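Residue numbers (my numbering), protein chains in the order written: chain A, 446 to 942; chain B, 446 to 942.
This is the structure in structure tokens:
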């Protein structure tokens, strides 16, 4: 049926959607959520699959009209009043495969590829994608399936390419506030001559992702071309992964998992590996911090995850090394983008107040990669990493990377309001709760307010006197300062004994 | 935050949604799909929970504005330019229970009630509801859980009430074209003096539901008050269940199952029983037709389903009788609303051309209920049913019911285009495929075009000569006639040998 376009300025952020009048729906036997092909008319025909919404009043979309939401408008370059041809589209094959997985059967690489293709094309509705996620949560993916899914996620997306070898990458499982080791490890290794096309994420539930923190120093929203240029010039980059179109289906799957707070290990593994695969990484270091308040809560679980990563690396033909690290407290002193950047600069510039735990962990990760990908001996690798950092080479390289990526969009300053949270009694810091610290930094305004967050004066093992400050909170509103104080009492992030 | 209302004439048909500008989203730390409370200002405050959509351009919703979709507009009676207060709402408890079910744990009656409450309130997103459905498909509900869910579905919805006892109801599992026994059984029993507040569905994937067929004779979109009035006056009604608000959560669950073509037996059982529970039924007959091309494909499966129904009836304290019936071919000759009504009237008016299989099945069902709920002996019940029908009392009662419900919205006529589908060789009709017949009747235009459908001239066991018509298709467009002819060749609904 031919219908007249009415532009509707709404995005679904997911499946492309068009709305039609209920009379047309009856006439053409279309039901809400049915799939239709929307096709432009005339030369250079273009088409897209969209879901139908039926409007039961005549107020916005009249008979003979079709309301076109932003995704479809952009895909087909439509203008108000254009005529489009709409006809029912068949159900995608991947629905059959999803049902098969729900029934407990294994999916082949070809079937997983079909599912991922349909996710990227937007031909699976959110309901259908939810069934896929539920199926793999309840009938966990085998290693073979994870391998197939990883390849499918990578194949159906953009890829970064370079002729350089090796291509080095690192990934941290997350869950530890601070911990901005990427911003130290990347310049050390690049200064040594290795290639690191590093992509990072923004915070979803934490007070900062590496992309948020790097953004206070340089532009991180690079195009794939720009990223290739930066890496060609400097050997490395630290870019936001979200603007590059690498493994885009993964982002959609994550959006389904998030509201349910689901953490399906098979999906996580293929998500991590697909992002590395998409940048052509040949040598990868996986950092698994574990500890009571970390994402991975025990040594046992950390070892188990390590084995999964190593097996997956073998199946995918990628060289992988895994380090289990201390996840019992935040790494570094600053929590929140600007405060973390201060730590990063202190380490790179060899300032006397640089947090030693942060420097030390970064050196150990860099050393592991120098040995694993750079061909150095175990003994030499740590010394070389230290030398590259302390000689100022790493800082020089970081400045090159910043210059190549371009200046940040804004100058971010530390929150102008601050409050000190004090010890109620004397003793030694026994533990600092990662989850509580994350929550307090978010209450202060991080990552939305880049200058907001916490600065930890005391770490585990430090002695404190009664009334001495444990940490300072930075924010830009008195309300947020008040929230931090309130929740500090409730969450009790420090255990002092 | 206080925002200015901009009305957006779009319905989601599901979760209430508001859209905000990306700058406000950043400022208030709201992410797409977050839940917010939308509250009116001033006296008589009203509020509703809605999901947030973030608009990343300034074209439609500017900073300081909120786009309000139809569900929220209606719930809060909003006008363009009104000011509403928006703040983040916590996640509903039912998410925890859904995750628990995904993990294989059983849900308590209280937890199921909470889930159903949240479904009705629209506080669960489609993604979240999909996880619930996937969970109960993959970890099937126990009989105790089905009982809990049935009670929860009923409790969170409208209810029909009458002081009359017994309150009789019947339900057919479906899948057999024609088969409009409700329209014969209800007037027979009501003429006998029993109470039958019957609600029926419209077709989703079939060529007609009882509500579609009844609609050619009377108004079926009754309010609950009107339904109570009709039943008080005549002892019965045949209304569309969709406009009554009985077990509304069930309709939402069905909408999630439909695109996945999921048929979770636990959900089906609680759906059927909740609808009966909501009309206060005390005595229920469940008709399970089985046959190779029926919904229930074997005697074994039919027996299994029968046991589930009987156990559930006991747990719910409802008297239940189950009949396993022949589902090997359509019942009656007409397929499609107007054609089925012709069969119904022929039986009620004792016309000589009335389809005997349809009349006979209706009498058997009516007799079963006369015995089960009416206190008649097995021997007498069939004779009484036959007498009530053949004396014209049932037809008189049906006319009363039609008059009480009110006239149909339109006069529907048989499709003016018709074509006869002929036997290619002589022999005896061995089988008629229910699914193929359904599909052909839908291709002819049923149920959207009420006068479209098929009229079967031959049934199983009939002898046919080469070139004799097997059935006639009725439609209102030559294109549809062409489709029927085309698919008749492909689907071969008749097996003649």
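For glycine and all other residues, C-beta sits at the position ideal for the given N, C-alpha and C.
Keep in mind that this is a model prediction, so the values were computed, not measured.
Curious, which full-length alpha helix (DSSP H) runs of at least 4 residues does the region 523-609 of chain A contain?
Listed in chain order, they are 539-547, 554-566, 571-583 and 588-600.
Examine chain B for any beta-carbon lying closer than 7 angstroms to the beta-carbon of residue 817 of chain A, and answer yes or no.
No, residue 817 of chain A lies away from the interface with chain B (no Cβ there is under 7 angstroms from its Cβ).
So residue 737 of chain B contacts chain A; which residues on that side make the cut at Cβ distance below 7 angstroms?
Result: empty, since nearest Cβ-Cβ is about 22 angstroms, beyond 7 angstroms.
Closest by CA to residue 815 of chain A, which one among A:633, A:674 and A:593?
Nearest C-alpha to residue 815 of chain A: A:633.
Can you tell me whether residue 864 of chain B is buried or exposed, with buried defined as 16 or more other CB within 10 angstroms of its CB?
With 16 or more other Cβ atoms within 10 Å, it is buried.
Please list the partners that residue 583 of chain A has in chain B, where partner means a Cβ-to-Cβ separation under 9 angstroms.
Within 9 angstroms Cβ-Cβ: 547, 548, 549, 579, 580, 583 and 584.
What are the start and end residues of each continuous beta strand (DSSP E) run of 3 or more residues lying completely inside the region 714-776 of chain A, in chain order?
728-735 and 764-771, all fully within the region 714-776 of chain A.
Could you tell me the alpha carbon to alpha carbon distance between residue 592 of chain B and residue 639 of chain B, rounded to whole angstroms?
Each residue's alpha carbon lies about 27 angstroms from the other.
Does chain B have any CB closer than 7 angstroms to the CB of residue 893 of chain A?
Closer than 7 angstroms: yes.
Decide if residue 883 of chain B is buried, meaning its Cβ has at least 16 other Cβ atoms within 10 Å, or exposed.
When all chains shown are included, residue 883 of chain B counts as buried.
For residue 451 of chain A and residue 525 of chain A, which I take to be in contact (beta-carbon distance under 8 angstroms), what is that distance rounded to the nearest angstrom?
With 8 angstroms as the limit, residue 451 of chain A and residue 525 of chain A qualify as a contact, their Cβ atoms being about 7 angstroms apart.
Going along the chain, which residues of the region 465-489 of chain B sit with their C-beta nearer than 7 angstroms to a C-beta in chain A?
The residues in question are 471, 474, 477 and 478.
Have a look at B:887, B:908, B:893 and B:911 and flag the residue whose alpha-carbon is nearest the alpha-carbon of residue 900 of chain B.
Closest option to residue 900 of chain B, Cα to Cα, is B:887.
Tell me whether residue 797 of chain B is buried or exposed, calling it buried when 16 or more other Cβ atoms sit within 10 Å of its Cβ.
Residue 797 of chain B is exposed by the Cβ-count criterion.
Between the alpha carbons of residue 929 of chain A and residue 871 of chain A, how many angstroms are there, rounded?
Whole-angstrom Cα-Cα distance: 22 angstroms.
Taking CB distances under 7 angstroms as the criterion, tell me whether residue 504 of chain A reaches chain B.
Chain B contact via Cβ: present.
Under 7 angstroms, do residue 635 of chain A and residue 681 of chain A count as touching if we go by C-beta distance?
Yes.
Looking at the secondary structure, which residues open and close the beta strand (DSSP E) in which residue 919 of chain A lies?
Start and end: 914-920.
Which bits of chain A does residue 576 of chain B rub up against, with CB to CB less than 7 angstroms?
Per Cβ cutoff of 7 angstroms: 575, 579 and 705.
Let me know if residue 745 of chain A comes out buried or exposed under the rule of 16 or more other beta-carbons within 10 Å of its beta-carbon.
By the 10 Å Cβ count, residue 745 of chain A comes out exposed.
Taking residue 523 of chain B as the reference, which of B:484, B:556 and B:504 has the closest Cα?
When only C-alpha atoms are compared, the closest one is B:484.
According to DSSP, residue 809 of chain A sits in a beta bridge with which residue or residues?
DSSP, once it has assigned bridges, lists no residue as partnering residue 809 of chain A.
Could you check whether residue 660 of chain B and residue 849 of chain B sit closer than 7 angstroms to each other, using their CB atoms as the reference points?
Contact flag unset, no.
Given this structure, state the Cα-to-Cα distance separating residue 760 of chain A from residue 589 of chain A, to the nearest angstrom.
Computed Cα separation, rounded: 8 angstroms.
What residues from the region 685-713 of chain A come within 7 angstroms of chain B, judged by C-beta to C-beta, listed N to C?
Answer in chain order: 701, 704 and 705.
Considering just the uninterrupted stretch of the beta strand (DSSP E) at residue 452 of chain B, what are its terminal residues?
That run of the beta strand (DSSP E) goes 447-452.
Is there a Cβ of chain A sitting closer than 7 angstroms to that of residue 571 of chain B, yes or no?
Yes, residue 571 of chain B lies at the interface with chain A (some Cβ there is under 7 angstroms from its Cβ).
Just to confirm my understanding: we take residue 768 of chain A, look at its own chain, exclude 5 residues before and 5 after, and list those with CB closer than 8 angstroms. What are they?
Here the set comprises 730, 731, 732, 733, 809, 810 and 813.
So what does residue 640 of chain A bridge to, in DSSP terms?
For residue 640 of chain A, which the question treats as bridged, DSSP gives the partners A:612.
Can you give the Cα-Cα distance for residue 536 of chain A and residue 493 of chain A, rounded to whole angstroms?
The alpha-carbon atoms of residue 536 of chain A and residue 493 of chain A are separated by roughly 14 angstroms.
Since residue 455 of chain B contacts residue 515 of chain B with CB under 8 angstroms, what's their CB separation in whole angstroms?
That pair is a contact at about 6 angstroms.
In terms of alpha-carbon separation, which member of A:931, A:893 and A:916 lies closest to residue 949 of chain A?
In this structure chain A extends from 446 to 942, so residue 949 of chain A is not present and cannot be described.
Residue 876 of chain B bridges to which residues according to DSSP?
For residue 876 of chain B, which the question treats as bridged, DSSP gives the partners B:940.
Along the chain, where does the alpha helix (DSSP H) that runs through residue 658 of chain B open and close?
Residue 658 of chain B -> alpha helix (DSSP H) spans 655-659.
Strictly below 9 angstroms CB to CB, what residues from chain B border residue 540 of chain A?
By Cβ distance, chain B contributes 704, 705 and 706.
Can you tell me which of the three DSSP states residue 787 of chain A falls into?
Note: residue 787 of chain A maps to helix in three-state DSSP.
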